[in-house]
């Protein structure tokens with residue numbers, strides 16, 4: 004369950020970055036690459052937080 008929460012938070016973060024970058028005028032590939040990096044960053048951070056809290 005905790006990994007699913009990390010996955011969903013990463014997805015929300017990636018979608019937010021994609022929408023923001025497209026709104027600011029970035030190309031599709033730039034927005035897609037940035038959202039991929041945001042997915043890994045947010046998902047990894049949430050996973051680390053869950054480990055520190057003892058949930059995972």
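Residue numbers (this note's numbering): 4 to 59. All C-beta atoms in this analysis are idealised placements derived from N, C-alpha and C, irrespective of residue type, glycine included.
| query | Mind checking residue 13: buried by the 16 CB within 10 Å criterion, or exposed? | reply | The residue is buried, with at least 16 neighbouring Cβ atoms inside 10 Å.
| message | Since residue 42 and residue 17 should fall inside the 8 angstroms C-beta cutoff, what is the C-beta to C-beta distance between them, to a whole number of angstroms? | response | About 4 angstroms; that satisfies the 8 angstroms criterion.
| Within 10 angstroms of its Cβ, does residue 49 collect 16 or more other Cβ (buried), or is it exposed? | So residue 49 ends up on the buried side.
| request: With DSSP as the reference, label residue 35 as helix, strand or coil. | output: Correct three-state label for residue 35: helix.
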